[in-house]
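Heads up, the thing below is written out as structure tokens.
There are 2 protein chains.
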Amino acid sequence: MEKDISTEQRIIDAARKVFIQKGMSGARMQDIADEAGINKALLHYYFRSKDKLFQIIFREAAEKLLVTVKDITGNETPLDEKITALCNRYMDVLSENPYLPLFVLHEIHQDPGRIINFFKGKNMVPQLQKFFLQIQDAVDNKQIKPISPPQLVINIISLCVFPFAASPLMQTLFDLDTWQFNLFIEERKKKLPEFILAALKPEKK
Amino acid sequence: MEKDISTEQRIIDAARKVFIQKGMSGARMQDIADEAGINKALLHYYFRSKDKLFQIIFREAAEKLLVTVKDITGNETPLDEKITALCNRYMDVLSENPYLPLFVLHEIHQDPGRIINFFKGKNMVPQLQKFFLQIQDAVDNKQIKPISPPQLVINIISLCVFPFAASPLMQTLFDLDTWQFNLFIEERKKKLPEFILAALKPEKK
DNA sequence: GTCTATAATTTGATAGAC
DNA sequence: GTCTATCAAATTATAGAC
Chain A
47 MEKDISTEQR
57 IIDAARKVFI
67 QKGMSGARMQ
77 DIADEAGINK
87 ALLHYYFRSK
97 DKLFQIIFRE
107 AAEKLLVTVK
117 DITGNETPLD
127 EKITALCNRY
137 MDVLSENPYL
147 PLFVLHEIHQ
157 DPGRIINFFK
167 GKNMVPQLQK
177 FFLQIQDAVD
187 NKQIKPISPP
197 QLVINIISLC
207 VFPFAASPLM
217 QTLFDLDTWQ
227 FNLFIEERKK
237 KLPEFILAAL
247 KPEKK
Chain B
47 MEKDISTEQR
57 IIDAARKVFI
67 QKGMSGARMQ
77 DIADEAGINK
87 ALLHYYFRSK
97 DKLFQIIFRE
107 AAEKLLVTVK
117 DITGNETPLD
127 EKITALCNRY
137 MDVLSENPYL
147 PLFVLHEIHQ
157 DPGRIINFFK
167 GKNMVPQLQK
177 FFLQIQDAVD
187 NKQIKPISPP
197 QLVINIISLC
207 VFPFAASPLM
217 QTLFDLDTWQ
227 FNLFIEERKK
237 KLPEFILAAL
247 KPEKK
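Residue numbers (my numbering), protein chains in the order written: chain A, 47 to 251; chain B, 47 to 251.
Listed below in structure tokens is the structure:
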């Protein structure tokens, strides 16, 4: 047990691990206490209730998942570079946090109010609108094939996120161990941007 | 309450609704009893335990989700038609059962053993191998751009499934009501096959 | 701050009348 | 087959000693 990490931080780390693995309803305060190497009562001393502790973990997770999109879509690079950057960045974040998507999606499904509250004051929607405009411009200037901006954004996110959300199923279906799954992801990082850009490439006249 | 539906069937229907909404750990036997309009003890009379009842719902859900892939990838049509058919069929199944993917993925993540047991005797993997070979043939014959078969399969499934798994998030992020979300899905059904086929189209010489 | 002990509540499951 | 009443175990939360 790391002696130089504060108890509060150890609880957060333990809660992150347990909540992301088991979800809000499946997680037990005892699991978190065990994982943190402390007593159950201390959890309540620091965070008062399971729900309070969960909020912290959920917000942290949603933040990590959504901010990535926001600060890449927001800047001023050309569309094709932006798509490549988005894929690369997203795949990197998800490689480090493979179970985040399923956790966040599951908990939003349980209580959509959570994500609505989360969005307040996060400036997500305006950033997204700007990205939509950039896509629409590229369509109008015939730099890419006609496509509705929301459809394209969902295509990009689907292709990045889904393999992680489905990793336990994939590993069974394709009979991959963890190392082979990581190889699959590494190959994907390299090939995904060109797959998307090829789909968007306008017909030559 | 429908009088001509057997109690057993009413329980199954109620369990499906509650489990798919709340997941195994979040669902309460009382919720299911209420939804079925019967007493909690009757659930145990018919199905003995929560876990037994859950197994039935989970298997049914996994079946619906996976058999769709199996019986389309298995037949003898050309690759481009098969991809189109796969998208159309999948999107239709998911429109009718939008919460299935998140439910199944979440429960597999909780206990990967479930899906391994499910696969036994289902003949999924050989069917998939045949589809992989067909893709590899198309690559070798330069009918499509070079791509690893598993990557392509995951691309197709990602693009079909993810919007449903993420629907509560999408509806908030894009500010869509249910009707607008359905419009989004209808548009997607029309456009997705050509997006994928465009990505695969080989360079002209 | 941290622990032990325990309260208060929820929940899956059973017993037994009808 | 269906219900009421109840048990036993699990689980969140708190009281109080140190």
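Don't be surprised by glycine CBs; every beta carbon is placed ideally from N, CA and C.
Fair warning: this is a prediction, and the values are worked out from it, not measured in the lab.
| Asked | Found |
| --- | --- |
| Could you run through the stretch 185-196 of chain A and flag, in chain order, every residue whose CB is less than 9 Å away from some CB of chain B? | 191, 193, 194 and 196 |
| Any contact between the stretch 142-162 of chain A and the stretch 105-117 of chain A? By contact I mean 3 or more CB pairs, one from each, below 8 Å. | yes |
| So that I know if they touch, is there some Cβ in chain A lying closer than 8 Å to that of residue 71 of chain B? | yes |
| Please determine whether the Cβ atom of residue 212 of chain A lies at a distance below 7 Å from any heavy atom of the ligand GTP. | As far as ligands go, the structure on display features none, and thus does not contain the ligand GTP. |
| Given that a residue counts as buried once 16 or more other Cβ atoms are within 10 Å of its Cβ, and exposed if not, what is residue 171 of chain A? | exposed |
| Of all the options A/74, A/198 and A/104, which has the alpha carbon lying nearest to the alpha carbon of residue 180 of chain A? | A/198 |
| Are residue 104 of chain A and residue 153 of chain A closer than 8 Å when you measure CB to CB? | yes |
| How is residue 220 of chain B classed by DSSP in three states: helix, strand or coil? | coil |
| My output table needs one value for residue 212 of chain B: the three-state DSSP class, helix, strand or coil. | coil |
| Assign residue 196 of chain B to buried or exposed, taking buried as 16 or more other Cβ atoms, counted over all protein chains shown, within 10 Å of its Cβ. | buried |
| Report the three-state DSSP secondary structure of residue 235 of chain B (helix, strand or coil). | helix |
| For residue 103 of chain B, which of helix, strand or coil comes out of DSSP? | helix |
| Note down the Cα distance separating residue 240 of chain B from residue 115 of chain A, rounded to an integer number of angstroms. | 26 Å |
| Do residue 242 of chain A and residue 129 of chain A count as a contact pair if the criterion is CB distance below 8 Å? | yes |
| Between the alpha carbons of residue 202 of chain B and residue 133 of chain B, how many angstroms are there, rounded? | 7 Å |
| Hey, is the stretch 174-190 of chain B in contact with the stretch 73-86 of chain B, meaning 3+ C-beta pairs nearer than 8 Å? | no |
| Do you know offhand how far residue 174 of chain B's Cα is from residue 119 of chain B's? | 7 Å |
| Compare the Cα-Cα distances from residue 250 of chain B to each of B/176, B/191, B/142 and B/99 and report the closest residue. | B/191 |
| So the candidates are B/78, B/68, B/188 and B/216; which of them puts its Cα closest to the Cα of residue 252 of chain B? | Any question about residue 252 of chain B goes unanswered here, given that chain B covers just 47 to 251. |
| Can you tell me where the alpha helix (DSSP H) holding residue 60 of chain B begins and where it ends? | 53-72 |
| Do we get a CB-CB distance below 8 Å when we pair residue 233 of chain B with the residues of chain A? | yes |
| Applying the 10 Å Cβ sphere with the 16-neighbour rule, what's the burial state of residue 74 of chain B? | exposed |
| Terminal residues of the continuous alpha helix (DSSP H) containing residue 121 of chain B? | No alpha helix (DSSP H) holds residue 121 of chain B; DSSP gives it neither H nor E. |
| Taking 6 Å as the limit between beta carbons, can you name the residues of its chain near residue 184 of chain B, skipping five residues before and five after? | 125 and 190 |
| Using C-beta distances below 7 Å, list every residue in its chain close to residue 61 of chain A, excluding the 5 sequence neighbours before and after it, in chain order. | 78, 99 and 103 |
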